[in-house]
Amino acid sequence: MSTTADRLVSMINKNLDLDHEPDLNKRFEDAGISSMVCVEFVRLVEAEFGLSFTPEECTRMATLQGFCDLIDSRLAN
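Counting in my numbering, the sequence shown runs from 10 upward without gaps.
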């Protein structure tokens, strides 16, 4: 079974046009993911994992790893 991080990286590679492998420790902007693209990506993630995120949760997600951690914590509950 893939980890959340593996699934996110796969989704990024499949859906976002980055010219590099995503670094989970970088901020979204520093990873080349604009705020507009981030909103669309969060919608894809919600559908993939069967979750829903509030705007407040989204603004607190500073890094891709933080997003992974949030997903994992939500799936554990």
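Ideal Cβ placement from N, Cα and C applies to all residues, glycine included.
Cutoff 7 Å; reference VAL88; Cβ partners in own chain excluding five residues on either side: The requested residue 88 does not occur in the structure, where the chain is confined to residues 10 to 86.
Collapsed DSSP secondary structure at THR72 in the structure displayed: strand
From CYS47, ALA85 and PHE37, residue whose alpha carbon lies closest to that of GLY59: ALA85
Of the residues GLU55, ARG69, GLN74 and VAL46, the one placed nearest ASP26, counting alpha carbons only: VAL46
Environment of PRO64 [buried if 16+ CB atoms lie within 10 Å]: exposed
Element boundaries [alpha helix (DSSP H), containing ALA56]: 44-58
Beta-carbon proximity check, VAL48 vs PRO31, cutoff 8 Å: no
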